[in-house]
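Trainee: For the sequence shown, the residue numbers in my numbering are 45 to 190.
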Amino acid sequence: MTDIPAPVPVAELITQRRRGRYYARDGYLSYGEVAAAWPVVGHIGAVVEANDVRTLQASATGTYGTNTWIEYHADDVQRVADAIADDTAVLRPEWLRNTEEGREAQRQWYEQLHRETVRTRWIWGSIVLVLLLGAGVLWFLTARGY
């Protein structure tokens, strides 16, 4: 069994916010803060949907375009944290980090991510190789005067 830290109360998470850093708007939490409030949960999105946690989509536009993320209502996060502690929350075993089904689901997710990463690298490597080969052929033909 893995060591899963104890949940942190939402009010304590909010008081731990450091000055000068960006956090979710007042009354809302970031994904990382929700993960700290629900340390046993491995699939936060599914638990949010199943337990009717209110969310907002936030965004910021900068030099490289617009970035979007989800913010979670603090009262709902605390309600679900209390329900998880009381064993009354809507939870499936594959959403949890402390069940065999949850660890298996997490392992499968990481394997899929690894396969996609390897496939993407092979594709880009092949594209670069073809471009280099084409540039080499063009250089060879122009250098020989054909």
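C-beta: ideal position from N, C-alpha, C; glycine also.
Can you name the residues that DSSP bridges to Asn8?
Mentor: Since the first residue of the chain shown is 45 and the last is 190, residue 8 is not available in this structure.
Trainee: In whole angstroms, give me the CA-to-CA distance for Met45 and Asn142.
Mentor: Low local confidence applies: a pLDDT of 42 at Met45 is under 50, so the model's placement there is unreliable, and no value is given.
Trainee: Does the separation of the CB atoms of Val121 and Val54 fall below 8 Å?
Mentor: The answer is yes: Cβ separation under 8 Å.
Trainee: Is Thr132 closer than 8 Å to His117 when the C-beta atoms are compared?
Mentor: Their beta carbons are not under 8 Å apart, which means His117 does not touch Thr132 by this criterion.
Trainee: Could you tell me how far apart the beta carbons of Ser74 and Ala68 are, in whole angstroms, since I believe they sit closer than 8 Å?
Mentor: Contact flag correct, Cβ pair sits at about 5 Å.
Trainee: Can you round the beta-carbon distance between Val52 and Asn95 to whole angstroms, since I take them to be within the 8 Å contact cut?
Mentor: Not really, about 18 Å apart at Cβ, beyond 8 Å.
Trainee: Could you spell out where the alpha helix (DSSP H) holding Gln60 opens and where it closes?
Mentor: Segment: none, Gln60 is in no alpha helix (DSSP H) and carries neither H nor E.
Trainee: Considering only the beta carbon of each residue, do Trp139 and Val85 sit closer than 8 Å?
Mentor: Cβ distance < 8 Å, so Trp139 and Val85 count as in contact.
Trainee: At a threshold of 7 Å, does Trp168 count as lining the ligand GTP (C-beta to nearest heavy atom)?
Mentor: Looking for the ligand GTP in the displayed structure turns up nothing, as the structure carries no ligands at all.
Trainee: Do Ile88 and Gln101 have their C-beta atoms within less than 8 Å of each other?
Mentor: Not closer than 8 Å, so no.
Trainee: Within 10 Å of its beta-carbon, does Gly146 have 16 or more other beta-carbons around it, so buried, or fewer, so exposed?
Mentor: Answer is buried; the Cβ neighbour count reaches 16.
Trainee: Just verifying my parser: in three-state terms, what is the DSSP assignment at Val121?
Mentor: Three-state DSSP puts Val121 in a helix.
Trainee: Leaving aside the five residues before and after Gly71 along the sequence, list all residues of the same chain whose C-beta is less than 8 Å from its C-beta, in chain order.
Mentor: If we look at Gly71 and ignore the five residues flanking it on each side, its Cβ neighbours are His117, Ala118 and Asp119.
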